[in-house]
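J.: Would you mind keeping the following structure in view while I ask a few things?
In this note's numbering, the protein residues as written are 524 to 751.
Structure representation (structure tokens):
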């Protein structure tokens, strides 16, 4: 028996509803997928994980993801060890060698600089006295030294250094203050002279082989006096 028009209309409405629900479901799925893909891409770009290829690139010195190592020598070379020292560095320039005059006897006059003369007025045997830590009393020699200034200008004597040595090995003699030690004045006027006395401990058996070294100051030659 053929269906009535009412039943047929109901079936058509149901079919349209089902079709509309199916279309809505498809649209919803497509929308969800389109919204999920950018988020996934953003998550992937923000991830700190390095792929195997990127790790190989980094170990090879190249840029991640390029697969190509950086060329050798692309970075600027640093300064070599032979470069000159920069201002403020720890490198210290070697001092220039000082001129030393030929050894002269104690009664000679040395000229460490034109217009400047040095002489040893006397050498006396004394008994050294220990007055400060490091000094050792005993047999000693006292040297009277005179420095004359004929340069026409005031001469600074604060940098004068006097040392003594004894024996075949030039053993350094120990400086003493007493008896009778006297340092040079701070300066000497043009045309003037200044005297000082220096005491050094020298064993008796070596007092016949003594050397006195007088450094009259920076820029001047070193005078050497020898004798008994």
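All C-beta atoms, glycine included, are put in the ideal place defined by N, C-alpha and C.
1. Can residue 640 and residue 671 be called in contact, C-beta distance under 8 Å?
2. Under 8 Å, do residue 745 and residue 738 count as touching if we go by C-beta distance?
3. Given that a residue counts as buried once 16 or more other Cβ atoms are within 10 Å of its Cβ, and exposed if not, what is residue 655?
4. Going residue by residue through the stretch 629 to 711, where are the continuous alpha helix (DSSP H) segments of at least 4 residues, counting only ones entirely within it?
5. Could you give the C-beta distance for residue 743 and residue 713, rounded to a whole number, given that I count them as a contact under 8 Å?
6. Would you mind stating whether residue 652 and residue 701 have Cβ atoms separated by less than 8 Å?
7. Helix, strand or coil for residue 728 per DSSP?
8. My assumption, with CB atoms under 8 Å, is that residue 696 sits in contact with residue 649. Please give the rounded CB distance.
9. Spell out the partners DSSP gives residue 722 in its beta bridges.
10. Within its chain, find whatever has a CB closer than 6 Å to the CB of residue 687; leave out the 5 residues flanking it on each side and keep chain order.
11. For chain D, find out if any of its Cβ atoms is closer than 8 Å to the Cβ of residue 746; answer yes or no.
12. Report the rounded CA-to-CA distance for residue 623 versus residue 685, giving the unit in angstroms.
13. Mind checking residue 547: buried by the 16 CB within 10 Å criterion, or exposed?
14. Can you check whether the CB of residue 664 is closer than 8 Å to the CB of residue 733?
15. Considering only residues of the same chain and omitting the five flanking positions on each side of residue 690, which have a CB-CB separation below 7 Å?
T.: Based on what the coordinates show:
1. Your numbering for residue 640 matches position 117 in the chain shown. Your numbering for residue 671 matches position 148 in the chain shown. Taking 8 Å as the Cβ cut-off, residue 640 and residue 671 qualify as a contacting pair.
2. Against the chain shown, residue 745 aligns to sequence position 222. Against the chain shown, residue 738 aligns to sequence position 215. Yes, these two residues count as a Cβ contact at 8 Å.
3. The sequence position of residue 655 within the chain shown is 132, counting from 1. Exposed.
4. none
5. Here residue 743 refers to the residue found at position 220 of the chain shown. Here residue 713 refers to the residue found at position 190 of the chain shown. Here residue 743 is actually not in contact with residue 713; their C-beta atoms are around 16 Å apart, not less than 8 Å.
6. On the chain shown, residue 652 is found 129 positions in, with the first residue counted as 1. On the chain shown, residue 701 is found 178 positions in, with the first residue counted as 1. Yes; because the gap between Cβ atoms is below 8 Å, this pair is in contact.
7. Within the chain shown, residue 728 is the residue found at index 205, counting from 1. If DSSP states are grouped into helix, strand and coil, residue 728 belongs with the helices.
8. Within the chain shown, the letter at position 173 stands for residue 696. Within the chain shown, the letter at position 126 stands for residue 649. Incorrect: roughly 13 Å between the Cβ atoms, too far for contact.
9. Along the chain shown, one-based indexing puts residue 722 at 199. Per DSSP, 665 and 699.
10. Counting from one through the chain shown, the residue named residue 687 turns up at place 164. Non-local beta-carbon contacts of residue 687 in its own chain, meaning distances under 6 Å to residues more than five positions away in sequence, involve 696, 723 and 735 in chain order.
11. Looking at the structure shown, chain D is missing, and only one protein chain is on hand.
12. As a first step, residue 623 is located in the chain shown; it is residue number 100 there, counting from the start. As a first step, residue 685 is located in the chain shown; it is residue number 162 there, counting from the start. So the alpha carbons of these two residues sit roughly 14 Å apart.
13. Taking the first residue of the chain shown as position 1, residue 547 is located at position 24. It counts as exposed.
14. Taking the first residue of the chain shown as position 1, residue 733 is located at position 210. Taking the first residue of the chain shown as position 1, residue 664 is located at position 141. Going by C-beta atoms, residue 733 is nearer than 8 Å to residue 664.
15. In the chain shown, counting from the first residue as 1, residue 690 sits at position 167. Counting only Cβ-Cβ distances below 7 Å, and skipping sequence neighbours, we find 729 and 732.
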